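Chemist: First the structure, then my questions, so here it is.
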Amino acid sequence: MVLRHVPPIGALTALTCLACGGLGGGEPDEPPPPAPIAADEGCVEPGCAVVGPNLQVRSHEGRLVVFVDGRATGDRFTDGLVRAVELDGDPRAEVLISRDCGGNGCLPDWWVLDCAGGGRCDEVPLIEQVPELRVVEGSNARHALWVLGQGTITCLELVRGRPVPCDGWVEVGDPPQAVLAPSSPPGDADDGKVVASLTVDLDGDGRKEDIACSWWSRAQLVNCRTTLHGVEATVPAAPSVEILSTRTEGVLDVRANGLTGRWDGGGWVFPW
């Protein structure tokens, strides 16, 4: 057994006081905290994402920096474009990060940043070389999912902070919650008249939007017009238009002529 010399309690106290700057019993010196950044100043995607009431991830001095109550934490990540999304059903949003590969003609790589309430963040690789990710919220599964390209080409969900292949998901939009079509065969006299309509909360804000479908006699199709966020937009003419049970980034998906459309802020995009 090796015996080590242990200084007496008084010596330990003196050493401690010397380390803190003298024998006066002061507290050890600490580096000053980083300067705060106002939480409401310029936090706009894709350079800044609000994860929670007091938690932000923002591009700062060439890095992605986590801020809690406006002060930078020790978490810093490679810079990229960010947006806050809810992916796994918990009360806290995750951050999607896309990073340019740096070459001509190559597509960005994608990451997920999952941050705890205290600002501790964990970065997880998601998928490589994908132009865009769309978050689709299904009514038949526990988690949100990503659908890439046209339809469900690749499907991933976030489980315990890690992306895994989707299990039990059906094709996007099945089954529809409403179908807009004439209730009886229209005649020439119905040309231009509304033959089907619906009020539905397209964007989940508690207010219902109007959808009206008029008859196009020459093509034997309906033209459906929606109103969302004060913007009127037309869905492509089709024999019928389906309001689906899934959502892309918070807005119900719509299907016409077998193609699923999404809302891009100013109208419907087919296929999404």
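Under the working numbering, the residues of the sequence shown are numbered 118 to 389, in order.
Note that the Cβ used here is the ideal one computed from N, Cα and C, for glycine as well.
Given the structure is predicted, the values throughout are model-derived calculations rather than measurements.
Spatial neighbours of Val183 within its chain, please: C-beta separation below 6 Å, excluding the five flanking residues on both sides.
Modeler: The count along the sequence shown starts at 1 and reaches residue 183 at position 66. Contacts found: Val174, Thr190, Asp192, Gly236 and Cys238.
Chemist: Can you name the residues that DSSP bridges to Gly169?
Modeler: Counting from one through the sequence shown, the residue named residue 169 turns up at place 52. For Gly169, which the question treats as bridged, DSSP gives the partners Leu172.
Chemist: What do you get for Gly197, buried or exposed, if any count of 16 or more other CB atoms within 10 angstroms of its CB means buried?
Modeler: Along the sequence shown, one-based indexing puts residue 197 at 80. Counting Cβ neighbours within 10 Å, Gly197 comes out buried, since at least 16 surround it.
Chemist: Along the chain, where does the beta strand (DSSP E) that runs through Val311 open and close?
Modeler: Along the sequence shown, read from residue 1 onward, the residue named residue 311 stands at position 194. Residues Val311 to Val317.
Chemist: Helix, strand or coil, according to DSSP, for Ala298 in the structure here?
Modeler: By 1-based counting over the sequence shown, the position of residue 298 is 181. Ala298 falls in the coil class under three-state DSSP.
Chemist: Am I right that Val91 and Gly278 are in contact with their C-beta atoms under 8 Å? What's the rounded C-beta distance?
Modeler: Residue 91 lies beyond the stretch modelled for the chain, which goes from 118 to 389, so this question has no answer here.
Chemist: State the Cα-Cα distance for the pair Asn221 and Gln246, rounded to the nearest angstrom.
Modeler: In the sequence shown, residue 221 corresponds to position 104, counting from 1. In the sequence shown, residue 246 corresponds to position 129, counting from 1. One C-alpha to the other measures close to 13 Å.
Chemist: Straight-line CA distance for Arg379 to Glu349?
Modeler: Looking up residue 379 in the sequence shown gives position 262. Looking up residue 349 in the sequence shown gives position 232. If you take the alpha carbons of Arg379 and Glu349, they lie about 14 Å apart.
Chemist: Classify Ser362 as buried or exposed, calling it buried when 16 or more other Cβ atoms lie within 10 Å of its own Cβ.
Modeler: The count along the sequence shown starts at 1 and reaches residue 362 at position 245. Its Cβ being crowded by 16 or more others within 10 Å, Ser362 is buried.
Chemist: Could you pull the start and end residues of the beta strand (DSSP E) that Glu254 belongs to?
Modeler: Translated into the one-based positions of the sequence shown, residue 254 becomes position 137. Unbroken beta strand (DSSP E) run through Glu254: Arg251 to Glu254.
Chemist: According to DSSP, which residues form a beta bridge with Gly378?
Modeler: Numbered from its first residue, the sequence shown carries residue 378 at position 261. Val371, per the DSSP bridge assignment.
Chemist: In whole angstroms, what separates the C-alpha of Asp307 from that of Trp228?
Modeler: As a working mapping, residue 307 is identified with position 190 in the sequence shown. As a working mapping, residue 228 is identified with position 111 in the sequence shown. Cα-Cα distance, rounded: 52 Å.
Chemist: Buried or exposed: Arg324, going by 16 or more other Cβ atoms within 10 Å of its Cβ?
Modeler: Counting from 1 along the sequence shown, the entry for residue 324 is found at position 207. Its Cβ having fewer than 16 others within 10 Å, Arg324 is exposed.
Chemist: Just to confirm before moving on: does the CB-CB distance between Pro299 and Ala313 stay below 8 Å?
Modeler: To locate residue 299, count along the sequence shown from 1; it is residue 182. To locate residue 313, count along the sequence shown from 1; it is residue 196. Taking 8 Å as the Cβ cut-off, Pro299 and Ala313 qualify as a contacting pair.
Chemist: Among all the DSSP beta bridges, which residues are the ones paired with Trp221?
Modeler: Taking the sequence shown and counting its residues from 1, the one referred to as residue 221 is at position 104. One point to set straight first is that residue 221 is Asn, not Trp, in the sequence displayed. DSSP lists no partner for Asn221.
Chemist: If Gly367 and Asp320 are in contact, beta carbons under 8 Å, what's the gap, nearest whole angstrom?
Modeler: Looking up residue 367 in the sequence shown gives position 250. Looking up residue 320 in the sequence shown gives position 203. Right, the Cβ-Cβ distance comes to about 6 Å (below 8 Å), so this counts as a contact.
Chemist: Alpha carbon to alpha carbon, what distance is there between Lys310 and Thr377?
Modeler: The residue labelled residue 377 in the question sits at position 260 within the sequence shown. The residue labelled residue 310 in the question sits at position 193 within the sequence shown. Approximately 25 Å, taken between the alpha carbons.
Chemist: State the DSSP-derived secondary structure class of Asp186, mapped to helix, strand or coil.
Modeler: Translated into the one-based positions of the sequence shown, residue 186 becomes position 69. Looking at Asp186 - three-state DSSP - the assignment turns out to be coil, as it is neither helix nor strand.
Chemist: How would you write the range of the beta strand (DSSP E) that Ser357 sits in, first residue to last?
Modeler: What you label residue 357 is simply residue 240 of the sequence shown in a count that begins at 1. That residue, Ser357, is in no beta strand (DSSP E); it is neither H nor E in DSSP.
Chemist: Have a look at Cys160, Glu249 and Phe387 and flag the residue whose alpha-carbon is nearest the alpha-carbon of Ala469.
Modeler: Absent from the model: residue 469. The displayed extent of the chain is 118 to 389, so no value can be given.
Chemist: Buried or exposed: Asp370, going by 16 or more other Cβ atoms within 10 Å of its Cβ?
Modeler: In the sequence shown, residue 370 corresponds to position 253, counting from 1. Buried: at least 16 other Cβ atoms inside 10 Å.
Chemist: Nearest to Arg200 by alpha carbon, out of Arg216, Gly187, Asp186 and Asp322?
Modeler: The residue labelled residue 200 in the question sits at position 83 within the sequence shown. Looking at the Cα atoms, Arg216 is the closest of the given residues.
Chemist: Could you give the C-beta distance for Ile214 and Leu224, rounded to a whole number, given that I count them as a contact under 8 Å?
Modeler: Here residue 214 refers to the residue found at position 97 when the sequence shown is read from its first residue. Here residue 224 refers to the residue found at position 107 when the sequence shown is read from its first residue. Going by Cβ atoms, the distance from Ile214 to Leu224 rounds to 14 Å, so no, they are not a contact pair.
Chemist: Can you grab the Cα-Cα spacing for the pair Leu262 / Val212, in whole Å?
Modeler: Numbered from its first residue, the sequence shown carries residue 262 at position 145. Numbered from its first residue, the sequence shown carries residue 212 at position 95. About 14 Å.
Chemist: Mind checking Arg372: buried by the 16 CB within 10 Å criterion, or exposed?
Modeler: Within the sequence shown, the letter at position 255 stands for residue 372. Per the 10 Å Cβ criterion, buried.
Chemist: Go ahead and pull the three-state DSSP assignment for Asp205.
Modeler: Along the sequence shown, one-based indexing puts residue 205 at 88. Coil, per DSSP.
Chemist: Would you report the Cα separation of Gly375 and Glu359, rounded to the nearest angstrom?
Modeler: Residue mapping note: residue 375 aligns to position 258 of the sequence shown, counting from 1. Residue mapping note: residue 359 aligns to position 242 of the sequence shown, counting from 1. Going from the Cα of Gly375 to the Cα of Glu359 covers about 9 Å.
Chemist: Using CA atoms only, rank isn't needed, just tell me which of Thr344, Leu275, Cys330 and Gly347 is closest to Ser357.
Modeler: As a first step, residue 357 is located in the sequence shown; it is residue number 240 there, counting from the start. Considering only alpha carbons, the answer is Cys330.
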